[in-house]
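Chains as they are written, first to last, in numbering that gives the first Met the number 0: chain E, 0 to 313; chain Y, 0 to 199. Backbone N, C-alpha and C fix where the C-beta goes; we use that ideal spot for every residue, glycine too.
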Amino acid sequence: MKKLSILIVYVFIILNQTIAYAQTTANKQLDPALRKFVQSEIMVKFKDLKREAENSVSSFKSEMNNFKPDQIQKVKSGYDKTADRFNQELENMKMDFLNKKKLKYIVEFPKDYARSLELNFRELAQYYAENFQQPLQDVRESKEDGGIVVALFLELFKLVPEVINHFNEMKEMAARYDDAYLEKWLVTPFKFLTWSEIQAEAGYMNMNNTNNFYNNGLNTNPYQYPVTPDPNAAYPPVANQPLPSGIDSTKTNSQNWWESNVTIPVPSNVDGTAPMKNQNAKTVPSKPKAPDPFAPAQVQKDTTKTKQVNGKVN
Amino acid sequence: MKKGIISISFIFIFLCFNPFQGLTQKREKMDAALRSFIETPFMLKFKDLRLESENLVLTFKENKQNYSAAQINRVKTAYQKTVDKFNVQLLDIKADFMNERKLQYIQDFPEDYTSSLTSDINDLTSFYQSNLQLTVQDVTDATIDGNSLLTLVAELAKLVPGMVTSISELRSSVKKFEDTYLEEKLILPYKFKTWEEINY
Chain E
0 MKKLSILIVY VFIILNQTIA YAQTTANKQL DPALRKFVQS EIMVKFKDLK
50 REAENSVSSF KSEMNNFKPD QIQKVKSGYD KTADRFNQEL ENMKMDFLNK
100 KKLKYIVEFP KDYARSLELN FRELAQYYAE NFQQPLQDVR ESKEDGGIVV
150 ALFLELFKLV PEVINHFNEM KEMAARYDDA YLEKWLVTPF KFLTWSEIQA
200 EAGYMNMNNT NNFYNNGLNT NPYQYPVTPD PNAAYPPVAN QPLPSGIDST
250 KTNSQNWWES NVTIPVPSNV DGTAPMKNQN AKTVPSKPKA PDPFAPAQVQ
300 KDTTKTKQVN GKVN
Chain Y
0 MKKGIISISF IFIFLCFNPF QGLTQKREKM DAALRSFIET PFMLKFKDLR
50 LESENLVLTF KENKQNYSAA QINRVKTAYQ KTVDKFNVQL LDIKADFMNE
100 RKLQYIQDFP EDYTSSLTSD INDLTSFYQS NLQLTVQDVT DATIDGNSLL
150 TLVAELAKLV PGMVTSISEL RSSVKKFEDT YLEEKLILPY KFKTWEEINY
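This is how it looks when you write it as structure tokens:
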């Protein structure tokens, strides 16, 4: 009896650890079905839209000294409201993935879900045009026509039915998704940044401009660090300062580093040589490479394919 | 014991040979549920739409001597294509009423069904505008503008939420409807007529 109890306890511990390990692994790795979804055309278009919107804000911020505070406030609130709407749509999508009952229905009645998603996107397009694009055009006196965004939205509408196929594929895997996992892989990479998170486009910026109040990156002390900084410490570049050439200022922290083509800057000495390796420093085991959600999914051998017979067509 | 068995058998036989009672009750339930649905502003507007479209065709037909055969044919084709779409929408609603799972889905996630239906109605609006309205305006030199019909379709989209609420409610009394019943009560009174059927 005692042996049996010990055995049960052992089995329980092993099971617990296995489950914990499986959950940790699941959280670290991007499941192929979800990977396929985040790489899908529709999500790529969604991200393009996010970039376009952020880019518009970024350019606007770099010429803010030409506008009055109330004009800036109009564009700022318009953008933030619009970004909120888009982010809400992402949240809704996440909630749908987490709702097993809903997933079942989506697979059962795909047309309804696709149509409802399409309507949501159309409403988003209208909201974008009315609340962000229009004020921006008014303030800039139509310097921006928004043609790219309209084209992106049109493509987005066409791609909606494709989403259903992904939901179908994910139905089985969705049981393993939890809120944190979807937040990491589905929401964070696609989430629209807030106005204050977007840096101005690299280039000239009038530092005497009082309108800089609206750009949270700029204060009297541009660094959020002590006024007399440690000369040996390295600080990140300040917002609204011209960035070194070759770095896209619109790349934001919501973008994954593995998406950008910019190689991670390696610290170098003044003469350009690589810094000496610190012999005293403890060697830290290299971290496993972050999974790339935009890398092509592994192609599985299609066994359903029939052999092509080369026949002459008369 | 013997008496009990005999009386149970009687009840069983009575129930077996008296199915009409159950059917009548079922019919009454369906009637009450469907009545509340067809009295929704959405369905009333849908009927207005049907009548208005017939009115448009009648007005055109009255003056058909002013138009060439090709022009009449253009309007006829545009009308037929447009009302076909509306009739398909009506048949879709009927199919949903006959699907127990779908009714359950509507009850569980009414917002999704509302958005889906609103999307469909918006498509119908665009289809009407770019087909029937455009053709009629073009052929009649805007003597018939078709704007009243457009207003009705646009209003229809706004009435979808109320209609979906009604479907969710009726599901609690009726799990699903029968084909012949819906054909008689939902399709026939609301179906858009064909070009040939519209006459004084």
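Determine the chain E residues that contact residue i at a beta-carbon separation under 7 Å, and present them in chain order.
i	result
residue 100/Y	107
For the alpha helix (DSSP H) that contains residue i, what are its first and last residues?
i	result
residue 165/Y	159 to 170
residue 93/Y	68 to 97
residue 121/Y	109 to 127
residue 191/Y	Premise fails: residue 191/Y is in no alpha helix (DSSP H) and is neither H nor E.
residue 173/Y	Looking at the DSSP string, residue 173/Y is not in any alpha helix (DSSP H), and its letter there is neither H nor E.
residue 314/E	Any answer about residue 314/E is impossible in this case: the structure gives chain E only from 0 up to 313.
residue 127/E	109 to 127
residue 138/Y	133 to 138
residue 55/E	40 to 61
residue 146/E	146 to 172
residue 195/E	No alpha helix (DSSP H) holds residue 195/E; DSSP gives it neither H nor E.
residue 37/E	31 to 37
residue 56/Y	40 to 61
residue 175/E	From DSSP, residue 175/E is part of no alpha helix (DSSP H); its letter is neither H nor E.
residue 28/E	Unbroken run through residue 28/E: none, as it is neither H nor E.
residue 137/E	133 to 139
So residue i contacts chain E; which residues on that side make the cut at Cβ distance below 8 Å?
i	result
residue 108/Y	101 and 104
residue 112/Y	111 and 115
residue 117/Y	118
residue 104/Y	104, 107, 108 and 111
Near residue i, what residues of its chain come up, given a Cβ to Cβ distance below 6 Å and the 5 sequence neighbours on each side ignored?
i	result
residue 101/Y	95
residue 206/E	Below a pLDDT of 50, predicted positions are generally treated as unreliable, and residue 206/E, at 42, falls in that range; the measurement from the model is reported next regardless. Excluding residues within five positions, none has a Cβ falling inside 6 Å.
residue 77/E	130, 131 and 134
residue 91/E	none
residue 182/Y	none
residue 191/E	49, 82, 85 and 86
residue 116/Y	159
residue 185/Y	93
Assuming residue i contacts residue j under a Cβ cut-off of 8 Å, what Cβ separation, rounded to an integer in Å, is found between them?
i	j	result
residue 131/E	residue 52/E	7 Å
residue 151/Y	residue 47/Y	6 Å
residue 197/E	residue 57/E	5 Å
residue 166/Y	residue 85/Y	The pair is not a contact, with the Cβ atoms about 19 Å apart (cut-off 8 Å).
residue 172/Y	residue 32/Y	5 Å
residue 113/E	residue 152/E	Contact doesn't hold; Cβ gap of about 16 Å is too wide.
residue 154/E	residue 44/E	5 Å
In its own chain, which residues sit with a C-beta less than 7 Å from the C-beta of residue i, not counting the 5 before and 5 after it?
i	result
residue 126/E	81 and 84
residue 161/Y	39, 40 and 41
residue 184/E	29, 33, 37 and 292
residue 116/E	159 and 162
residue 150/E	none
For residue i, which residues in the same chain have their Cβ closer than 8 Å to its Cβ, ignoring the five residues on either side in sequence?
i	result
residue 231/E	Note that residue 231/E scores a pLDDT of 41, beneath 50, so its modelled location is shaky; the value from the coordinates is reported in the next line. None.
residue 103/Y	170
residue 193/Y	79 and 82
residue 175/Y	96, 97, 98, 99 and 102
residue 102/E	95, 96, 166, 169, 170 and 173
What are the residues of the region 176 to 187 of chain Y that lie near chain E, defined by any Cβ-Cβ distance shorter than 7 Å? From the region 176 to 187 of chain Y, no residue has a Cβ closer than 7 Å to chain E.
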